[in-house]
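Student: Residue numbers (the numbering used here): 1 to 333. Before we start, here is the structure in question, set down as structure tokens.
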Ligand SMILES: Nc1ncnc2c1ncn2[C@@H]1O[C@H](COP(=O)(O)OP(=O)(O)O)[C@@H](O)[C@H]1O
Ligand SMILES: [Mg+2]
């Protein structure tokens with residue numbers, strides 16, 4: 001289910017049925033503090049009875065309420081408990097000239113694969129193929145198998161949102177929620193026991209990943225781009241159940257990306273990350289090199305490369321120390 005599907009539902013299904021199918025919608029309405037609605041109608045119709053003055057006071061239009069509910073349900077239900085998977089397989093298709101890729105690539109839980117290649121070469125396309133569990137029906141003609149088998153057509157679209165989390169998404173719904181309330185709500189919507197310690201761990205993880213720290217009572221709407229990204233990554237590691245995580249080029253996002261990838265791998269996720277950052281590329285177990293739309297090579301990170309990466313990391317730290325010092329008016333002595 002994506003936002004458009006939810007949009008359609010919101011416009012066609014009576015509110016009572018919507019609530020029944022998505023109990024988490026209750027949280028949305030409570031948070032909005034909306035007057036009681038006629039539940040026998042779809043939301044947009046029911047909203048016609050709401051006082052214009054109430055809307056004015058809230059500074060929100062009827063259309064925006066429907067938009068936000070669609071976005072909210074999209075995020076909250078995005079990865080409902082999924083089955084765990086043992087292996088993701090990518091079967092090569094063709095590059096942009098139609099030349100065969102001639103490759104079968106197995107990726108196991110807990111392993112990280114980076115995707116490198118020039119801009120426009122097809123990195124995002126490969127991630128998109130995985131996200132939609134391609135069956136030869138995308139421009140690349142690749143096929144994606146789960147545990148060695150193609151996903152049956154009727155399961156494919158229901159599984160899509162459950163197996164794969166895309167970390168380029170962010171929280172674009174506006175709600176008056178604190179970080180901790182958001183995590184609690186999210187855990188509840190995924191029917192995980194709202195275990196206090198898991199939520200705390202998740203919060204602390206988010207904080208360790210974000211450049212600037214934030215409190216558990218900070219409103220999600222007040223988080224910076226980097227902070228909300230960090231929260232989504234931590235959420236993905238601790239609360240979301242999707243076994244596959246796709247990350248498309250999060251450079252300069254104010255997030256410790258290397259730590260983030262390590263945490264996701266430790267939680268036994270299959271992580272694929274497209275990147276131009278040599279440290280992220282070398283931090284992976286393997287890297288897929290994309291050329292002209294095709295998988296050109298798959299290279300295992302060698303011990304020598306790992307040593308080089310450690311050295312780069314030292315240099316990187318020195319650079320950011322120097323940056324911080326210069327910024328605050330110190331001398332480099
Ligand atoms: N194997 C392929 N066959 C046909 N078109 C492709 C193939 N791979 C990529 N493309 C297309 O090339 C364009 C650029 O790819 P994209 O994945 O956005 O590049 P990148 O993320 O590396 O910058 C997109 O329109 C994509 O659909
Ligand atoms: Mg791209």
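Glycine included, C-beta positions come from ideal geometry on N, C-alpha and C.
How far does the alpha helix (DSSP H) with residue 108 in it reach, from first residue to last?
Tutor: Counting along the chain, residue 108 falls outside any alpha helix (DSSP H), and DSSP gives it neither H nor E.
Student: When you measure from the CB of residue 246 to every non-hydrogen atom of ligand 1, does any distance come out below 8 Å?
Tutor: no
Student: The alpha helix (DSSP H) spanning residue 300 covers which residue range?
Tutor: Where residue 300 is concerned, there is no enclosing alpha helix (DSSP H), although the beta strand (DSSP E) it sits in stretches over 294 to 300.
Student: Taking the straight line between their C-alpha atoms, what separation do you get for residue 122 and residue 47?
Tutor: 44 Å
Student: Cβ of residue 249 versus every heavy atom of ligand 2: is any distance shorter than 8 Å?
Tutor: yes
Student: Just confirm the distance between the C-beta atoms of residue 229 and residue 255, as a whole number of angstroms; I'd bet it's less than 8 Å.
Tutor: 5 Å
Student: Alpha carbon to alpha carbon, how far is residue 152 from residue 142?
Tutor: 16 Å
Student: With DSSP run on the structure shown, which of helix, strand or coil describes residue 284?
Tutor: Looking at residue 284 - three-state DSSP - the assignment turns out to be coil, as it is neither helix nor strand.
Student: On the premise that residue 201 lies in contact with residue 238, defined as a C-beta separation below 8 Å, what is that separation, rounded to the nearest angstrom?
Tutor: Rounded, the Cβ-Cβ distance is 6 Å, consistent with contact.
Student: For residue 106, collect the residues of the same chain with a Cβ closer than 6 Å to its Cβ; drop the 5 residues on either side in sequence, then sort them by chain order.
Tutor: Setting aside the 5 residues that flank it on each side, residue 106 is surrounded in the same chain by 87 and 89, each with a C-beta closer than 6 Å to its C-beta; the list follows chain order.
Student: Determine the contact status of residue 306 and residue 298, defining contact as a CB-CB distance below 9 Å.
Tutor: no
Student: Let me make sure I understand the geometry here. Which of 104, 177, 118 and 120 has the alpha-carbon closest to that of residue 144?
Tutor: 104
Student: Contact defined as beta carbons within less than 8 Å: I believe residue 288 pairs with residue 113. What is the distance between those atoms, to the nearest angstrom?
Tutor: 6 Å
Student: Counting Cβ pairs, one atom from each stretch, are 3 or more of them under 8 Å apart for the stretch 60 to 67 and the stretch 205 to 216?
Tutor: no
Student: Here's the rule I'm using: 16 or more other beta-carbon atoms within 10 Å means buried, otherwise exposed. How should residue 276 be labelled?
Tutor: exposed
Student: So residue 31 and residue 235 are supposed to be a Cβ contact under 8 Å. How far apart are they, rounded?
Tutor: About 18 Å; that fails the 8 Å criterion.
Student: Please report the residue range of the beta strand (DSSP E) in which residue 248 lies.
Tutor: 244 to 248
Student: Kindly provide the ranges of any beta strand (DSSP E) runs that are 3 or more residues long and lie completely inside the stretch 116 to 170, ordered along the chain.
Tutor: 143 to 146 and 164 to 166
Student: Which of helix, strand or coil does DSSP assign to residue 100?
Tutor: strand
Student: Could you give the distance in angstroms between the alpha-carbon of residue 21 and the alpha-carbon of residue 10?
Tutor: 11 Å
Student: For ligand 1, I want to know if residue 325 counts as a neighbour, meaning its beta carbon is within less than 8 Å of at least one of the ligand's heavy atoms.
Tutor: no
Student: Got a sec? Which residues, its chain only, sit under 7 Å from residue 207 by beta carbon, not counting five neighbours each side?
Tutor: 213 and 214
Student: Can you tell me the Cα-Cα spacing of residue 50 and residue 34, whole angstroms?
Tutor: Approximately 9 Å, taken between the alpha carbons.
Student: Relative to the alpha-carbon of residue 270, which residue among 224, 130 and 231 has its alpha-carbon at the smallest distance?
Tutor: 130
Student: Residue 269 by DSSP, collapsed to three states: which one?
Tutor: When DSSP states are grouped into helix, strand and coil, residue 269 belongs to the coil group.
Student: Look at the Cβ atom of residue 29, then the Cβ atom of residue 74, and state whether they are nearer than 9 Å.
Tutor: no
Student: According to DSSP, what are the bridge partners of residue 178?
Tutor: 219
Student: Identify, in the order they occur along the chain, each residue of the same chain with its Cβ nearer than 8 Å to the Cβ of residue 116, setting aside the five sequence neighbours on each side.
Tutor: 123, 274, 275, 276, 281, 287, 288, 289 and 290
Student: Do the CB positions of residue 293 and residue 119 come within less than 9 Å of each other?
Tutor: no
Student: Please classify residue 233: is it buried, with 16 or more other beta-carbons within 10 angstroms of its beta-carbon, or exposed?
Tutor: buried
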